[in-house]
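Structure first, then comments.
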Amino acid sequence: MKQLSSYTYNNGQERVRKFQVVAVLSPAETQVVNGQIYAWPNPLTVNGIPPEEFTFANLSPNSVIKIYTLAGELVATTDNGKWNAKNDDGKVVASGVYFFVVEREGSVRKTGKLAVIK
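So for the sequence shown, this note's numbering puts the first residue at 1; every next one is plus one.
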């Protein structure tokens, strides 16, 4: 765990409150099956500065990538080896962790995790 900031608050009535902002910082790891497919950058920061899309490396021809929420809802499908952190309606997804499934000819080949930060 990493302490991000420490603050002191005085409400003017002799009450002083102290608090700290603490977070667990660990980037989402891409699960690489058979040491082949991975996505980068991971995590992806969507802030107007390139790159603003995930690139999947070592895909087989005719691969389809499906992106899911943690609840298992399909967010997006792509077949060009990239995902721009937008859902199939063209809206940027919320910050969080997403799963990807790489399929080729209908069978699952690889799975992994992606993190999006706004």
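Beta carbons are placed, not taken as given, at the ideal position from N, Cα and C, and that holds for glycine.
Remember, predicted model here, so these are calculated numbers, not experimental data.
| message | On a Cα-Cα basis, can you pick out the residue from Tyr68, Leu44, Asn84, Thr55 that is closest to Phe99? | response | Tyr68
| query | Using the beta-carbon count (16 or more within 10 Å), is Ser63 buried or exposed? | reply | buried
| message | Excluding the 5 residues flanking Leu74 on each side, which residues of the same chain have their C-beta closer than 7 Å to its C-beta? | response | Lys66, Tyr68
| What is the DSSP secondary structure of Ala57, counted as helix, strand or coil? | strand
| said: Closest to Gly90 by C-alpha separation, out of Gly81, Ala39, Ala76, would be which residue? | reply: Ala76
| task | Measure the alpha-carbon distance for Ala85 versus Leu70 and round it to whole angstroms. | result | 15 Å
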